[in-house]
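Novice: Quick one: the structure is below, and I'll ask about it shortly.
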Amino acid sequence: MGNLFDFPFFLSTFGDLARVVPVTLKIAAVAMLASLAAGLAVALARIYKVPVLSQAAAAYVSFARGTPMLVQIYLSYYGIPLAMQFLQEKYGWTVDVSGIPAIVFIYFAFTFNVAAYLSETIRAAILAVDKGQMEAALSVGMSSLEGMRRIVLPQALAVALPSFGNTAIALVKDTSLAFMISVVELMGEAKILGARGLRFFEVYVAVALVYWGVCIIIERLVAAAEKRVRRFEGQSAVRPA
Amino acid sequence: MIRLEQLRKAFHHNQVLKGIDLEVRKGEVVVLLGPSGSGKSTLLRCINFLERADRGSIRIGDLEVDTAAASRTQVAALRRKTTMVFQNYNLFRNKTAVENVMEGLMVVKRLPAREARDHAVRCLEKVGLADRLRYFPSQLSGGQQQRVGIARAMAMDPEVILFDEPTSSLDPEVVGGVLQVMKGLARDGMTMMVVTHEMAFAREVANHVAFMDDGKVVEAGTPDQVFEQTRQDRTRIFLQRVRRDPAFIDP
């Protein structure tokens with residue numbers, strides 16, 4: 001048994017893995033927050049059928065969902081420096097591309113990808129809110145922006161939150177791709193530890209458990225948030241017979 | 001005072017309003033009657049620009065708007081002079097009863113939260129819901145929701161409240177309570193335009209009744225003129241039909 005599964009080594013990896021959990025969480029958190037903002041903008045452009053923007057948004061969503069995450073990471077990692085170099089030569093910018101840490105390209109790539117999915121979730125959630133809600137807001141004199149912000153979006157959030165949770169969990173797991181451009185997050189650290197100890201299976205079991213633990217915590221947080229956000233609905237209505 | 005002139009509205013090729021002229025004086029209650037599809041609701045919704053009329057003009061108080069050329073500012077100004085009570089209540093589902101009434105006061109009238117709450121509570125007291133302030137719409141019955149809807153509409157102190165079939169979704173036994181609240185508003189001098197099938201209400205409360213059919217005002221006058229000295233055949237046929245309805249109580 002000792003040769004099949006090196007238990008002490010397995011246990012010893014948790015400390016090192018725990019140390020990089022913040023990197024994984026940071027990628028996921030930055031990408032999630034940026035994606036929520038970008039996804040909302042894309043969704044609104046499509047709902048209000050803003051000329052040019054809405055067509056561009058549709059094309060973007062199609063491309064971002066129709067190409068692998070890994071490809072998008074490489075496009076970001078190699079493409080953004082090229083674009084900056086081009087701008088430098090053309091406009092004489094002085095930005096040191098090589099000074100940008102790799103994790104920044106990861107932020108870009110993940111936001112690009114996740115925002116596309118979230119925009120579809122947000123769009124569906126906004127459209128699921130009864131049209132009468134906006135009409136009521138307008139009828140008391142609110143602008144459509146105020147109605148959207150104060151009445152429609154809070155209700156759409158209640159609809160979208162379970163999906164947001166799923167997306168967040170998928171995102172946490174996808175961050176394991178960041179090591180492809182040498183950002184040392186959980187998976188990267190696992191590979192390093194495995195190579196150092198020459199025991200890979202033990203480390204991968206350990207890293208699987210760490211991912212699982214992180215995802216369970218997110219599940220719990222989302223469930224708690226859902227309860228809060230949905231507090232206005234579902235209570236037993238006291239309808240007369 | 002409200003004056004509508006030659007209002008026209010089409011949905012695709014379907015001409016729903018075919019040139020409506022109507023005048024409502026301050027403090028008056030005007031009831032719009034007519035078969036479904038005659039354009040009554042569309043007419044109300046054109047007044048606060050939930051639908052944009054294709055042509056014609058709308059005047060409320062000192063503001064006159066040419067519907068075809070209405071600017072964003074004009075639409076906003078018009079909406080501040082009106083409020084609406086909807087058939088399906090359309091209470092803000094994410095807000096409690098008192099928050100529903102406060103919302104417009106805070107966002108549109110810019111009242112501080114305290115003042116808005118005090119005023120909202122007074123309005124909810126008037127409609128008999130002082131004990132339901134913190135209830136969400138999902139916890140209220142239809143009749144209660146509609147009374148919150150009326151409180152929300154009157155709280156803004158508009159020049160006119162537009163009632164779009166306010167009792168049509170309600171269970172029969174709570175209709176009376178809602179109508180009672182509306183009568184109270186009328187007594188207090190609120191200008192009201194009411195689309196309804198409640199003939200007894202029209203007779204008792206309305207100063208004027210306008211009968212609409214096929215996108216036009218066919219007949220208009222005092223309740224007595226329209227109900228007792230009916231001039232138009234179309235009106236007569238409609239009235240006979242609703243009188244046969246058991247919900248209609250002949251006073």
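As you go down the protein sequences, you meet chains C and B in turn.
If you read the first sequence in our numbering, its first letter stands for residue 1, the second for the next number, and so on.
If you read the second sequence in our numbering, its first letter stands for residue 1, the second for the next number, and so on.
Glycine included, each C-beta is placed from N, C-alpha and C at the ideal position.
#1: Would you list, in chain order, the members of the segment 151-178 of chain C that have their beta-carbon closer than 7 Å to a beta-carbon of chain B?
#2: Looking at the unbroken beta strand (DSSP E) that takes in leucine 17 of chain B, where does it start and where does it end?
#3: Please determine, among B:Val29, B:Gly27, B:Lys26 and B:Leu44, the residue with the shortest C-alpha to C-alpha distance to isoleucine 20 of chain B.
#4: Counting along the chain, where does the beta strand (DSSP E) carrying isoleucine 100 of chain C start and finish?
#5: Tell me which residues share the same chain as serine 176 of chain C and place their Cβ nearer than 6 Å to its Cβ, disregarding the 5 neighbours each side in the sequence.
#6: Nearest to threonine 24 of chain C by CA position, among C:Tyr60, C:Leu198, C:Ala224 and C:Ala170, is which residue?
#7: From which residue to which residue does the alpha helix (DSSP H) around alanine 53 of chain B run?
#8: Whose C-beta lies closer than 6 Å to the C-beta of phenylalanine 108 of chain C among residues of the same chain, with five residues either side of it excluded?
#9: Mind listing the chain C neighbours of valine 108 of chain B? Cutoff is C-beta to C-beta under 7 Å, in chain order.
#10: Give a yes or no on whether the C-beta atoms belonging to serine 139 of chain C and methionine 84 of chain B are separated by under 8 Å.
#11: Which chain C residues sit within Cβ distance under 7 Å of alanine 69 of chain B?
#12: Distance cutoff 8 Å, beta carbons only. Does alanine 136 of chain C sit that close to anything in chain B?
#13: Assuming glutamine 144 of chain B and leucine 129 of chain B are in contact, meaning their beta carbons sit under 8 Å apart, how far apart are those beta carbons, in whole angstroms?
#14: Quick one: is arginine 8 of chain B near chain C, going by C-beta distance under 8 Å?
#15: Quick check on leucine 17 of chain B: buried or exposed, where buried means 16 or more other Cβ atoms within 10 Å of its Cβ?
#16: Taking only beta-carbon atoms, is phenylalanine 232 of chain C less than 8 Å away from chain B?
#17: Can you tell which of B:Phe92, B:His197, B:Gln240 and B:Ala116 has its C-alpha closest to the C-alpha of proline 166 of chain B?
#18: Starting from the Cα of alanine 243 of chain C, find the closest Cα among C:Leu145, C:Phe112, C:Glu120 and C:Arg150 and give me that residue.
#19: Rounded to the nearest angstrom, what separates phenylalanine 11 of chain B and glutamate 185 of chain C at their Cα positions?
#20: Report yes if the C-beta distance between valine 30 of chain B and alanine 186 of chain B is below 8 Å; otherwise report no.
#21: Quick check on DSSP: helix, strand or coil for phenylalanine 179 of chain C?
#22: For leucine 82 of chain C, which option in C:Ala224, C:Val61, C:Asp96 and C:Phe10 has the closest C-alpha, if you only look at C-alpha atoms?
#23: Kindly give me the distance between the Cβ atoms of phenylalanine 179 of chain C and lysine 191 of chain C, rounded to whole angstroms, as I take these residues to be in contact under 8 Å.
#24: Look at the alpha carbon of glycine 15 of chain C and the alpha carbon of isoleucine 103 of chain C, and state the distance between them as a whole number of angstroms.
#25: So which residues on chain C does arginine 231 of chain B lean against when the C-beta distance must stay under 8 Å?
#26: How is leucine 206 of chain B classed by DSSP in three states: helix, strand or coil?
#27: Could you tell me which residues DSSP puts in a beta bridge with methionine 212 of chain B?
#28: Would you call the segment 50-60 of chain B and the segment 1-9 of chain B touching, i.e. three or more CB-CB distances under 8 Å?
#29: Could you compute how far the alpha carbon of aspartate 233 of chain B sits from the alpha carbon of glutamine 240 of chain B?
#30: When the Cα atoms are used, what is the spatial distance from proline 251 of chain B to serine 169 of chain B?
#31: For methionine 32 of chain C and glycine 189 of chain B, I'd like the C-alpha separation in whole angstroms.
#32: At the level of alpha carbons, what is the spacing between alanine 39 of chain C and glutamate 99 of chain B?
#33: Could you tell me the boundaries of the beta strand (DSSP E) in which asparagine 32 of chain B lies?
#34: Can you list the residues of chain B that glutamate 146 of chain C reaches, using a CB-CB cut of under 7 Å?
#35: Three or more beta-carbon pairs under 8 Å between the segment 199-210 of chain B and the segment 148-161 of chain B, yes or no?
#36: So is valine 71 of chain C buried or exposed if we call it buried at 16+ other beta carbons inside 10 Å?
Specialist: Short version:
#1: Ile151, Pro154 and Gln155
#2: 14-24
#3: B:Leu44
#4: Taken as a continuous stretch (DSSP letters only), isoleucine 100 of chain C belongs to no beta strand (DSSP E), as it is neither H nor E.
#5: Met187
#6: C:Ala170
#7: First-last for alanine 53 of chain B: undefined, no H or E at that position.
#8: Ser76
#9: Val140, Gly141 and Met142
#10: yes
#11: Correct list: empty, because the minimum Cβ distance to chain C is about 20 Å.
#12: yes
#13: 6 Å
#14: no
#15: buried
#16: yes
#17: B:His197
#18: Because chain C here runs from 1 to 241, residue 243 of chain C falls outside it and cannot be looked at.
#19: 58 Å
#20: no
#21: helix
#22: C:Asp96
#23: 7 Å
#24: 23 Å
#25: Near arginine 231 of chain B there are no residues of chain C at all, since even the closest Cβ is about 35 Å away, more than 8 Å.
#26: Per the sequence shown, residue 206 of chain B should be read as alanine rather than leucine. In the structure shown, alanine 206 of chain B sits in coil (DSSP, three-state: anything other than H, G, I, E or B).
#27: B:Val217
#28: yes
#29: 10 Å
#30: The pLDDT assigned to proline 251 of chain B is 41, lower than 50, so where the model puts this residue is not dependable, and the model offers no usable value.
#31: 54 Å
#32: Reading off the sequence shown, one finds glycine at residue 39 of chain C, where the question assumed alanine. Each residue's Cα considered, the two are about 29 Å apart.
#33: A small correction: the amino acid at residue 32 of chain B is leucine; asparagine does not occupy that position in the sequence shown. That run of the beta strand (DSSP E) goes 29-33.
#34: Val107
#35: no
#36: exposed
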